[in-house]
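Engineer:
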Amino acid sequence: MQNELERIQTETEGFSIEQTLQYLAEQFPNQVAFSTSFGEEDQVVTDFILKNNIPIRIFTLDTGRLFKETYDVFYKTELKYNTKIETYFPDTKQVEELMTQKGPMSFYDSVENRKECCNIRKIEPLKRALADVKVWITGLRAEQSENRHDFARFQLAPQFNCIKYNPLIEWTYDEMKTYIQQNGIPYNVLHDKGFLSIGCAPCTRAIREGEDIRAGRWWWEISKKECGLHG
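Numbering-wise, my numbering comes out as the position in the sequence shown, counting from 1, plus 732.
1. Check whether the Cβ atoms of I869 and V764 lie closer than 8 Å to each other.
2. Going by DSSP, what residue range makes up the beta strand (DSSP E) through T742?
3. According to DSSP, is W951 part of a helix, a strand, or is it coil?
4. What is the DSSP secondary structure of K834, reduced to helix, strand or coil?
5. Suppose you measure from the CA of R949 to the CA of N915; what does that come to, to the nearest Å?
6. In terms of alpha-carbon separation, which member of Q734, T809, E848 and P822 lies closest to Q833?
7. Put V867 into one of helix, strand or coil per three-state DSSP.
8. Assign K925 to buried or exposed, taking buried as 16 or more other Cβ atoms, counted over all protein chains shown, within 10 Å of its Cβ.
9. Does the separation of the CB atoms of F760 and K866 fall below 8 Å?
10. Out of curiosity, what's the CA-to-CA distance linking R946 and N898?
11. Here's a check: name, in chain order, each residue in its chain whose Cβ is nearer than 6 Å to the Cβ of C932, leaving out the five neighbours to either side.
12. What are the boundary residues of the alpha helix (DSSP H) that T752 is part of?
13. Going by the beta-carbon positions, is the gap between L782 and Y755 smaller than 8 Å?
14. By the three-class DSSP mapping on this structure, what secondary structure does K896 have?
15. Determine, using beta carbons only, whether E856 and P890 come nearer to each other than 8 Å.
16. Can you name the start and end residues of the beta strand (DSSP E) that R789 belongs to?
17. Note the first and the last residue of the continuous alpha helix (DSSP H) segment covering A861.
18. Taking just the CA atoms, how far does P787 sit from L811?
19. Using the three-state DSSP reduction, which class does Y820 fall into: helix, strand or coil?
20. For M733 and T778, I'd like the C-alpha separation in whole angstroms.
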């Protein structure tokens, strides 16, 4: 996989995002997928894919704990681009056992419990979604968090046995906002209320002035603020 990563990096050097997405779709037909959580970054990548008619799968993970506003963006996105977005849910039995044994708010009790919930609701469905994927596209940006500063445009994702492409990794927050405004892209209204990073409703709050972009995620923890999808 390392050799393939290096080849992709070399052959796409100097390419625009559109050119890189098209290249990947041609190199790996039916084996390139983009995971969206309907945040602003993901909406930008969705626009790049769909307005250019690039044959790349778009899917989302429905954890069962999302904000209503997230479903609103889901709905508006499908309408705008006349498309259907694949949806993956967590395993019913695992969720039932978690809720029965630990209740609906176990993630507040410990980091271990929170990671258990993330694993059931996010990691396991993502593994299914990426089962036959060679290249996984994300909406990550380096300035989102300290943990993401060192992420590259292309990198290995060994836990999912694929290569990850981060087209917006070097974009600034202002560049992203400008692109959304100029292209009339649907976005989550919670972003206008201080929710810069949006995940499950019980685990997300608006950030305060001067706080890190991801400070509103799992705010009760002192940790890396990641669920395991990206580190």
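Glycine residues also receive a C-beta, built at the ideal position from the N, C-alpha and C atoms. What you are looking at is a predicted structure, and each value in this text was computed from that prediction instead of being measured.
Structural biologist: Walking through what the data contain:
1. To locate residue 869, count along the sequence shown from 1; it is residue 137. To locate residue 764, count along the sequence shown from 1; it is residue 32. Yes.
2. Residue 742 sits at position 10 when you count from the first residue of the sequence shown. Where T742 is concerned, there is no enclosing beta strand (DSSP E), although the alpha helix (DSSP H) it sits in stretches over Q734 to E743.
3. Your numbering for residue 951 matches position 219 in the sequence shown. Three-state DSSP puts W951 in coil, outside helix and strand.
4. Looking up residue 834 in the sequence shown gives position 102. Correct three-state label for K834: helix.
5. Counted from its first residue, the sequence shown places residue 949 at position 217. Counted from its first residue, the sequence shown places residue 915 at position 183. Spanning the two alpha carbons is a distance of roughly 28 Å.
6. The residue labelled residue 833 in the question sits at position 101 within the sequence shown. Cα-wise, what sits closest to Q833 is E848.
7. Taking the first residue of the sequence shown as position 1, residue 867 is located at position 135. It is a strand residue.
8. Residue 925 sits at position 193 when you count from the first residue of the sequence shown. Looking at its Cβ environment, which holds fewer than 16 other Cβ atoms inside 10 Å, K925 is exposed.
9. To locate residue 760, count along the sequence shown from 1; it is residue 28. To locate residue 866, count along the sequence shown from 1; it is residue 134. Yes; because the gap between Cβ atoms is below 8 Å, this pair is in contact.
10. Taking the sequence shown and counting its residues from 1, one reaches residue 946 at position 214. Taking the sequence shown and counting its residues from 1, one reaches residue 898 at position 166. Between R946 and N898, the C-alpha separation is close to 18 Å.
11. Here the question's residue 932 lines up with position 200 in the sequence shown. Answer for C932: T795 and R797, listed in chain order.
12. Sequence index remark: in the sequence shown, residue 752 carries index 20 (1-based). Run containing T752: I749 to Q759, per the alpha helix (DSSP H) assignment.
13. Mapped onto the sequence shown, residue 782 falls at position 50. Mapped onto the sequence shown, residue 755 falls at position 23. For L782 and Y755, no; Cβs fall outside 8 Å.
14. Position 164 of the sequence shown, counted from the start, is the residue given in the question as residue 896. K896: strand per DSSP, three-state reduction.
15. Here residue 856 refers to the residue found at position 124 of the sequence shown. Here residue 890 refers to the residue found at position 158 of the sequence shown. It is not a contact, given that the beta carbons lie outside the stated cut-off.
16. Locating residue 789 in the sequence shown gives position 57, where the first residue counts as 1. Per DSSP, R789 belongs to the beta strand (DSSP E) from R789 to L793.
17. Along the sequence shown, read from residue 1 onward, the residue named residue 861 stands at position 129. Run containing A861: E856 to A861, per the alpha helix (DSSP H) assignment.
18. Against the sequence shown, residue 811 aligns to sequence position 79. Against the sequence shown, residue 787 aligns to sequence position 55. Going by the C-alpha atoms only, they are around 18 Å apart.
19. The count along the sequence shown starts at 1 and reaches residue 820 at position 88. It is a strand residue.
20. Taking the sequence shown and counting its residues from 1, one reaches residue 733 at position 1. Taking the sequence shown and counting its residues from 1, one reaches residue 778 at position 46. Rounded to the nearest angstrom, the two C-alpha atoms are 26 Å apart.
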